[in-house]
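Take a look at the structure set out below.
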Amino acid sequence: MLVSKGIVTKLMITSVLATIGIFYYNQTPYCGIVFDSARRDILKTLSLDTVEQLLDKRSLTFPALCQMPISKLKRSLTKLAMPKPDNPGEAKAFRHLQRLSQDNEINIGQLQKVQAQMRNFRRQNYADAGINAMSWQALGPGNVGGRIRSITFDPDNSAHIYVGSVSGGIWSSQNSGNNWQPLDDFMANLSVSSLIFDANDHNVMYAGTGEGIFNMDQIRGLGIFKSNNKGQTWSSVLSTQNNTDFYWVNRLTSRRNNSAVIAATHTGIFTSNDGGLNWNNSYLGRSNDVDVNPDDDNKLIAGTWGGLLYSQDGGLNWSLAQGLSHINNVRIETAYAYSNANIVFASVDYNSGELWKSTDGGQSYQLINTGLSYLGVQGWYDNALWVDPLNENHIIVGGIDLWRSIDGGISFNKISTWWQAPRSAHADHHFIIHHPDYDGVNNQRLFFANDGGIYETPDISLAKGSTGWKELNNNLSITQFYSVAVSHHGKLIGGTQDNGTLVYTGDSENWTDTYGGDGGFSAADPVDDNYLYGEYVYLRLHRSSNGGISSESIYTNDMINDSPNFIAPFILDPNNPDRMLAGSRQLWLSADIKAVTPTWRSIKPITANQSPISAIAIPTSDSNIIYIGHNDGSIFKTNNAMAEQPEWNNISGANLPQRYLTRITVNPVNKNILFVSFGGYEDDNLWQSTDGGISWNNSTGLESGSLPPAPIRAIAIHPIEHNHIYIGNEVGIFTSHDNGDSWSLEHHGPANVSIDELTWGDNSMLYAATHGRGVFSANTNLTIPNAFYFPDKLDVALNSIIESEEKVIRGLAENTPITIVNGEYSKNCTGGYTNTNGYINNGDTLCLKHTSANEYGVKVITELKLGTLLFTFQSQTVINNASDVSANKNGGSLGIISLILFTITLVLKTKNPVN
22 MLVSKGIVTK LMITSVLATI GIFYYNQTPY CGIVFDSARR DILKTLSLDT VEQLLDKRSL
82 TFPALCQMPI SKLKRSLTKL AMPKPDNPGE AKAFRHLQRL SQDNEINIGQ LQKVQAQMRN
142 FRRQNYADAG INAMSWQALG PGNVGGRIRS ITFDPDNSAH IYVGSVSGGI WSSQNSGNNW
202 QPLDDFMANL SVSSLIFDAN DHNVMYAGTG EGIFNMDQIR GLGIFKSNNK GQTWSSVLST
262 QNNTDFYWVN RLTSRRNNSA VIAATHTGIF TSNDGGLNWN NSYLGRSNDV DVNPDDDNKL
322 IAGTWGGLLY SQDGGLNWSL AQGLSHINNV RIETAYAYSN ANIVFASVDY NSGELWKSTD
382 GGQSYQLINT GLSYLGVQGW YDNALWVDPL NENHIIVGGI DLWRSIDGGI SFNKISTWWQ
442 APRSAHADHH FIIHHPDYDG VNNQRLFFAN DGGIYETPDI SLAKGSTGWK ELNNNLSITQ
502 FYSVAVSHHG KLIGGTQDNG TLVYTGDSEN WTDTYGGDGG FSAADPVDDN YLYGEYVYLR
562 LHRSSNGGIS SESIYTNDMI NDSPNFIAPF ILDPNNPDRM LAGSRQLWLS ADIKAVTPTW
622 RSIKPITANQ SPISAIAIPT SDSNIIYIGH NDGSIFKTNN AMAEQPEWNN ISGANLPQRY
682 LTRITVNPVN KNILFVSFGG YEDDNLWQST DGGISWNNST GLESGSLPPA PIRAIAIHPI
742 EHNHIYIGNE VGIFTSHDNG DSWSLEHHGP ANVSIDELTW GDNSMLYAAT HGRGVFSANT
802 NLTIPNAFYF PDKLDVALNS IIESEEKVIR GLAENTPITI VNGEYSKNCT GGYTNTNGYI
862 NNGDTLCLKH TSANEYGVKV ITELKLGTLL FTFQSQTVIN NASDVSANKN GGSLGIISLI
922 LFTITLVLKT KNPVN
């Protein structure tokens with residue numbers, strides 16, 4: 022009798038379960054071992070379906086169920102239950118919500134102000150609020166990756182790979198992906214969608230910015246950037262910088278005969294013949310893809326939301342291809358068959374994925390495959406297409422997973438399975454490229470850009486669901502975090518976009534996932550780091566009681582059915598780790614969060630306008646006080662949270678913004694002092710109350726020391742120096758050493774990227790979770806760094822008598838002696854310059870100047886000695902041009918004696934002052 026393989030498998034599994042069942046009653050060991058009680062409790066709960074999935078999806082064997090470590094068995098069961106990748110549009114909608122102004126629009130004018138202000142911040146000195154600049158460390162994850170939309174190879178070195186990530190910038194590898202380095206961390210925009218080399222000059226590269234795949238008005242890029250040294254440094258192509266046509270650059274390509282650059286953008290197709298100085302618009306309409314004919318670069322094809330186009334005059338004019346007239350307003354990706362340029366394929370986001378073919382170079386198309394549903398419901402987001410350069414019948418299409426055809430697209434076999442990553446490719450594919458030395462026989466290497474970074478098939482012919490794949494995220498730290506929490510022993514847990522909830526135990530290359538899908542807020546028990554908490558979308562809370570090895574759900578249906586945010590807030594009570602609060606439209610409390618099945622009850626009703634809760638805070642000194650923020654900007658407070666039904670008061674000040682409230686942070690020693698932050702590109706995103714919410718003051722700073730008008734997502738108050746405030750916003754970390762009166766950019770920390778969480782660990786260690794560059798940490802113990810520097814350039818205007826720059830130094834003791842060599846100083850800058858030895862004390866300022874008041878431009882202070890520390894200053898000539906000034910430590914080290922703050926001000930004079 023012929024029996025299918027599936028039936029045989031089920032019969033075997035049934036037999037195994039029966040044997041396990043016999044063990045429970047007869048105490049007969051299975052697989053030659055005696056079960057311990059923990060394993061028995063797990064195995065006896067497994068259904069036939071669960072065992073079948075463990076064997077199939079997790080690649081386990083029958084003996085493994087009995088013999089594998091308990092922790093691994095639990096982890097396999099957890100992985101089995103992990104959710105699939107979510108609709109990425111929901112994540113983007115959530116970010117969009119945090120960027121809106123009160124009129125439900127994104128303030129583009131303010132966005133431009135942010136970019137200009139950031140350029141000024143980078144030139145200025147900064148007050149670091151105690152952060153030791155040399156202590157910043159990137160913690161990864163180096164093995165997880167993040168969304169990549171472009172890959173390119175150095176035409177002169179096939180081992181040199183470049184990738185462009187959507188929020189982590191440009192990275193390169195010199196050794197085929199064995200490790201990676203970021204290029205130009207502070208490039209003005211880190212959202213890179215396309216990377217190419219000039220077809221003729223291989224020193225020249227172009228990068229298109231802005232992720233224009235989404236329908237909604239997402240944060241735009243800054244046009245096109247250009248490098249003249251193989252990507253080591255980048256500068257903006259000025260003609261595209263504030264040009265609405267280049268807000269979202271989806272694809273770039275370059276012609277060979279004249280190095281013309283062609284850009285497919287959110288508004289059309291543009292060509293530059295002069296390296297980006299000028300652009301010609303040849304097609305008006307949303308465009309995603311453009312490609313040059315491999316045999317004749319006067320011929321081009323393009324995929325647009327208006328249909329498939331072709332050009333036969335170098336992109337000057339475009340015509341609509343025949344055959345797809347009924348298809349419009351969908352995403353289309355195209356690819357030439359390099360072995361026969363008359364053959365063109367198109368992957369169309371229609372009917373869950375259709376493959377079309379042209380035999381006349383893209384002038385007309387025929388449908389060759391439908392019904393495969395390889396794009397599913399999100400082909401607008403992930404749609405990748407590759408054609409073998411040597412074999413027109415060898416094709417790969419990709420959406421959530423990848424499919425391969427060897428008969429020209431007539432039939433396909435699935436070659437990846439997202440939930441088996443990293444043994445298979447991660448979900449959501451955006452770009453496919455072959456190795457430059459690909460020959461179809463000895464070299465069949467392909468590289469795939471997806472939401473999990475970059476993956477390789479060393480031999481595409483061998484790639485299957487769980488074999489033939491290699492993950493190349495070797496310190497490629499571009500993961501998009503929403504949160505991070507730290508335990509007492511330094512274990513981290515953080516929620517990410519599309520890469521799950523991750524755990525870090527000290528190795529940046531070995532983060533592990535404790536739950537899949539999208540992560541969100543996170544929390545760690547401050548005493549027992551076995552207890553870690555995270556969430557899947559819409560408040561589906563989960564808990565690990567074994568340090569992140571496995572997790573179980575701890576939410577109720579009432580909570581998730583109460584319209585929570587996509588990423589909904591929850592916190593542990595800082596005074597009692599058995600208490601957790603979570604926000605949907607109501608506020609939910611569990612007083613037994615470590616119980617097998619925690620109980621939940623609502624302690625705050627839905628507001629009149631039914632706005633979801635967006636932020637929660639409890640002072641470290643009083644669990645009776647809870648502050649709650651909502652999407653509409655309203656703030657509520659209770660003073661009797663321990664009661665069965667607490668009383669709530671609306672403490673929203675009349676002057677507070679009425680838009681998404683992103684964060685509430687309470688002073689660690691004064692429960693009445695708190696900061697609240699808001700979304701939107703506005704000038705009033707940070708407010709402080711010193712009386713428990715009775716009154717509010719704008720804390721964004723004044724003039725040059727003000728925060729840029731960008732959405733703020735994180736606030737941290739130093740646990741010792743409470744005047745030191747740190748905020749994370751859309752463009753970086755900003756620090757204040759005067760309780761929010763003035764702000765400066767933290768130059769040495771995370772790159773120009775959104776900071777979604779700032780939190781404290783032991784010994785004043787600050788942790789920063791970024792949405793695109795992983796997690797960072799910094800020591801804020803207020804020690805003197807090994808070197809300190811003044812800004813790269815100090816501009817001295819002709820109509821100014823003096824120009825000065827400040828540098829804050831910390832960590833010196835009271836009555837630290839001052840020794841000046843070849844210069845004079847004024848204590849607190851009150852005049853009466855002298856070179857007589859003196860002393861510096863807490864809060865003092867030194868003004869330094871030339872030896873002679875009549876000397877201009879030469880003999881900048883050459884030496885300054887503070888206690889046992891000797892600082893030397895370069896001699897500079899200051900005439901009309903900018904001057905570089907630096908200072909380096911040459912003396913001995915000095916530990917923390919007391920927390921002292923003072924400022925050195927360099928005083929420079931112009932050669933010919935007007936006044």
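To convert, take the position in the sequence shown, counting from 1, and add 21; that gives the numbering used here.
For glycine and all other residues, C-beta sits at the position ideal for the given N, C-alpha and C.
No experiment lies behind these values; they were computed from the predicted model shown.
Asked	Found
What span of residues does the alpha helix (DSSP H) with N578 cover, start to end?	N578 to I581
Between N849, Y846, S785 and G859, which lies nearest to S156 when the distance is taken from Cα to Cα?	S785
Can you grab the Cα-Cα spacing for the pair R277 / N249, in whole Å?	17 Å
List, from N- to C-terminal side, the alpha helix (DSSP H) runs of 4 residues or more that fit wholly inside the region 254 to 333.	259 to 262
Please classify D124 as buried or exposed, where buried requires at least 16 other C-beta atoms within 10 Å of its C-beta.	exposed
Taking all protein chains shown into account, decide if G53 is buried (16 or more other Cβ within 10 angstroms of its Cβ) or exposed.	Note that G53 scores 47 on pLDDT, short of 50, meaning its location in the model is unreliable; the coordinates nonetheless yield the value given after this. G53 should be labelled exposed.
Determine, using beta carbons only, whether D403 and H347 come nearer to each other than 9 Å.	no
Is DSSP giving F699 helix, strand or coil here?	strand
Give me the Cα-Cα distance between G770 and I234, rounded to the nearest whole angstrom.	30 Å
Assuming I575 and R564 form a contact by the criterion Cβ under 8 Å, report the distance between their Cβ atoms to the nearest whole angstrom.	5 Å
May I ask which residues mark the beginning and end of the beta strand (DSSP E) holding P479?	P479 -> no beta strand (DSSP E), and no H or E assigned at all.
Measuring CB to CB, does A159 end up less than 9 Å from V796?	yes
By the DSSP assignment, the beta strand (DSSP E) with G110 in it spans what residues?	No beta strand (DSSP E) holds G110; the alpha helix (DSSP H) holding it covers P109 to R120.
Considering Cα atoms alone, identify which of L562, F246, E375 and Y860 is closest to G392.	E375
Please determine if the region 254 to 265 and the region 309 to 319 are in contact, where contact requires at least 3 C-beta pairs separated by less than 8 Å.	no
For T618 and L204, I'd like the C-alpha separation in whole angstroms.	48 Å
Would Y227 and L216 qualify as a contact pair, given that the criterion is a beta-carbon distance under 9 Å?	yes
Residue range of the beta strand (DSSP E) that G753 falls in?	G753 to S757
When the cut-off is 9 Å and only beta carbons count, does P732 lie next to chain C?	No chain C is part of this structure, which consists of one protein chain only.
Would DSSP call N760 helix, strand or coil?	coil
Terminal residues of the continuous beta strand (DSSP E) containing R622?	R622 to K625
Taking I639 as the reference, which of P595, S632, A664 and N299 has the closest Cα?	P595
Which one of G383, L560, L493 and H743 has the shortest CA to CA distance from I172?	L493
Closest to D783 by C-alpha separation, out of G327, S798 and S611, would be which residue?	S798
Hey, quick one: how far does the beta strand (DSSP E) through E778 stretch, first residue to last?	I776 to W781
Are the region 689 to 708 and the region 716 to 735 touching, with three or more C-beta to C-beta distances below 8 Å?	yes
Does the separation of the CB atoms of A636 and L682 fall below 9 Å?	yes
When DSSP labels each residue in this structure, what does Q195 get in the three-state scheme?	coil
Looking at C-alpha atoms only, which residue of S611, I588 and N567 is the closest neighbour of G538?	I588
So the beta strand (DSSP E) P203 belongs to, where does it begin and stop?	Q202 to L204
Of the residues Y503, I647 and E530, which one's Cα is nearest the Cα of Q119?	Y503
Smallest Cα separation from D498: which of G511, T517, N652 and P740?	In the sequence as displayed, the identity of residue 498 is Ser instead of Asp. The shortest C-alpha separation from S498 is found at T517.
Taking the C-alpha atoms as reference points, what is the distance between A342 and V165?	41 Å
With distance defined between alpha-carbon atoms, name the residue in F433, T325, I776 and V351 nearest to V398.	V351
Near L467, what residues of its chain come up, given a Cβ to Cβ distance below 6 Å and the 5 sequence neighbours on each side ignored?	H455, T478 and I481
Sort W192, N221, A484 and W708 by Cα distance to M208 and report the nearest one.	W192
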